[in-house]
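Under UniProt numbering, think of the first position of the sequence shown as 1, with each following residue one higher.
For glycine and all other residues, C-beta sits at the position ideal for the given N, C-alpha and C.
Remember, it's a predicted structure, so these values are computed and weren't measured experimentally.
Right, one structure below, let's go through it.
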Amino acid sequence: MLQVENLTIGYGKTEVVHNISFHVKRGEIITILGANGAGKSTILNTIVGLHQAKQGSIRFQDKEISKNRPDQLVRRGIRLVPEGRQIFPQHSVLENILLGAYIEKNAKKVQTRLQSIFESFPRLEERKNQMGGTLSGGEQQMLAIARALMTDPSLLILDEPSLGLAPIIVGEVFDLLKQISSSGVTVLLVEQMANSALKISDRAYVLETGRIVLEGRGEEIRTNSDIAKAYLGNV
1 MLQVENLTIG YGKTEVVHNI SFHVKRGEII TILGANGAGK STILNTIVGL
51 HQAKQGSIRF QDKEISKNRP DQLVRRGIRL VPEGRQIFPQ HSVLENILLG
101 AYIEKNAKKV QTRLQSIFES FPRLEERKNQ MGGTLSGGEQ QMLAIARALM
151 TDPSLLILDE PSLGLAPIIV GEVFDLLKQI SSSGVTVLLV EQMANSALKI
201 SDRAYVLETG RIVLEGRGEE IRTNSDIAKA YLGNV
């Protein structure tokens, strides 16, 4: 579904991602792991058109997309849930969700999709008239995910979905990602919380200083103590 080849990304003369290649198959949950500053978010921002690569290829469903604008990529079926959630705190939960459907002009489709979202996120339906800023961190993360799902994406990309959340809430968020994957949405995420991410991942890539240093099945990486110590620290 997604094929990244020989991708180099930088800011000015400084390269932060060096000639990396990886792929995501339809239906998979793929995690890119790495410490702060490894280049994880830069990779995601480049895939979704927020940053331009210096060189390399990004193909989605056999089409080159490296020069596409973010709105074009949304129409192609790619949605990003950004780091820090970036909801609109002074707008209601319902308004935040509906903002995710900004490209859809068919009101009936929007309402059908909204009903589906509320079935998947009953807590958000209960709080639909509440201001987004009054939700807990976990609820805000669910709101950000729900907003992204309003365009019915085929590839959902998440940047540090566990950031700032209590461990029990992190578990809820990752369980939700498994459910989303089971519904047919392919998932690509970057994370520092390796253990939780690897539990749900089909495969994972480990990034160090802008280079992929390891690739493997999620459970294999999670349960191999030598790999964990060498690349992931305390997972």
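Check your understanding: So is S196 buried or exposed if we call it buried at 16+ other beta carbons inside 10 Å?
Key -> buried
Exercise for review: Please report the residue range of the alpha helix (DSSP H) in which L7 lies.
Suggested key: First-last for L7: 2-11, but that is the beta strand (DSSP E), not the alpha helix (DSSP H).
Point to revise | Per-residue DSSP class, three states only, for L158 | key: strand
Review point. Which of helix, strand or coil does DSSP assign to N36?
Key: Three-state DSSP puts N36 in coil, outside helix and strand.
**Study point:** Counted within 10 angstroms of its Cβ, other Cβ atoms place K67 as buried (16 or more) or exposed
**Key:** exposed
Check your understanding: Buried or exposed: T223, going by 16 or more other Cβ atoms within 10 Å of its Cβ?
Key -> T223 is exposed by the Cβ-count criterion.
Practice item. Work out the CA separation of D159 and H212 for me, nearest whole Å. Key: For the record, residue 212 in the displayed sequence is Ile; it is not His. Computed Cα separation, rounded: 17 angstroms.
Review point. Hey, which unbroken runs of the alpha helix (DSSP H) at 4 residues or more fall wholly within the region 90-151?
Key: 93-99, 107-120, 122-126, 137-149
Point to revise | Cβ neighbours of G10 in the same chain (closer than 8 angstroms, five flanking residues each side left out) | key: V16, V17, K54
**Study point:** G84 versus I168: straight-line alpha-carbon distance, rounded
**Key:** 18 angstroms
Check your understanding: Between the region 132-145 and the region 80-94, are three or more C-beta pairs nearer than 8 angstroms?
Key -> yes
Exercise for review: Determine which residues share a DSSP beta bridge with R203 and list them.
Suggested key: Beta-bridge analysis with DSSP links R203 to I30, R217.
Point to revise | Endpoints, alpha helix (DSSP H) assigned at R76 | key: 70-76
Exercise for review: Check whether the Cβ of N6 sits closer than 7 angstroms to any heavy atom of the ligand HEM, and report yes or no.
Suggested key: The ligand HEM is not among the ligands present in this structure, which contains no ligands whatsoever.
**Study point:** Residue span of the beta strand (DSSP E) that contains V187, given as start and end
**Key:** 186-191
Check your understanding: Under the three-state reduction of DSSP, which class applies to V17: helix, strand or coil?
Key -> The answer is strand: DSSP assigns V17 an E or B state.
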